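In this note's numbering, the protein residues as written are 21 to 277.
And the structure:
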């Protein structure tokens, strides 16, 4: 008898920030495993390109313009997913932005702080609230996978707002895992290492940074969005139905070396 615990056919995933980077890595993998996927993003051009790619994997894939920092936009986007697919089985609230400047902490304005908090923390709250509401109503369990960051557990100068949001996401994951267990909904967080995406593109061309960081990665390479596909499939699948409340590092060994 075939072992088909990783078959996601008939399941629906929402991936915010799914038009690039780790989010697109999540979306590609779960689509290839049979899931219907709705990606959300704010860039229409990137959405269209990602949607085209995903439709080649699974024709049911779709893309939606959504700014997750806007509560109404999130509710509207989730309603659209339910109307189109009839259900939501997994939510990957992956959309996020980095610290928008390199000013000293004591020079940060309220706008500097809240611009990051609004997307990375409030956006995750709005998205997960809408998703869990639907999952509880369905009564068939579900999967929540949050994208945290090493900055939540390691110091990062001039990145306090970003680190605060990622630390908050880990705390939210733990609380959700306890509360949502009664509904058979699992909640886990992923801590990526240094991954080659648009967000890190500038850093990876800075020789001083590369020379300082690469020797601390035992695998001796940057991560790629594809490195996060398997964990997405596993956490969305029946294979992980007793796996909840975890914070999973996928960083090439960076955090332990």
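Beta carbons are placed, not taken as given, at the ideal position from N, Cα and C, and that holds for glycine. Only a predicted model underlies this, so the values are computations on that prediction, with no experimental measurement involved.
- Annotation: the continuous beta strand (DSSP E) that includes residue 56 extends over 56-61.
- Taking C-alpha positions only, residue 145 is separated from residue 162 by approximately 16 Å.
- CA-CA distance, residue 199 to residue 150, rounds to 15 Å.
- Contact between residue 121 and residue 132 holds, since their C-beta atoms are separated by about 6 Å, short of 8 Å.
- Relative to residue 123, the option among 179, 58 and 115 whose CA is nearest is 179.
- In the three-state reduction of the DSSP assignment, residue 141 falls in the helix class, which pools H, G and I.
- Note: residue 208 is bridge-paired with 165 in the DSSP secondary-structure output.
- Going by beta carbons, residue 81 and residue 39 fall outside the 9 Å limit.
- Residue 28 and residue 55 do touch by the CB rule: their CB atoms are close to 4 Å apart, below 8 Å.
- Boundaries around residue 92 are those of the alpha helix (DSSP H), 91-105, since no beta strand (DSSP E) includes it.
- Counting along the chain, residue 197 sits inside the alpha helix (DSSP H) bounded by residues 180-200.
- In the DSSP assignment, residue 49 falls within the unbroken alpha helix (DSSP H) covering 41-52.
- Within 10 angstroms of the beta-carbon of residue 210 lie 16 or more other beta-carbons, which makes it buried.
- Between residue 62 and the set 239, 89 and 228, the nearest pair of CA atoms involves 89.
- For residue 31, there is no enclosing beta strand (DSSP E), since its DSSP letter is neither H nor E.
- Per DSSP, the unbroken alpha helix (DSSP H) holding residue 66 starts and ends at 64-77.
- The secondary-structure analysis by DSSP pairs residue 173 with nothing; it has no beta-bridge partner.
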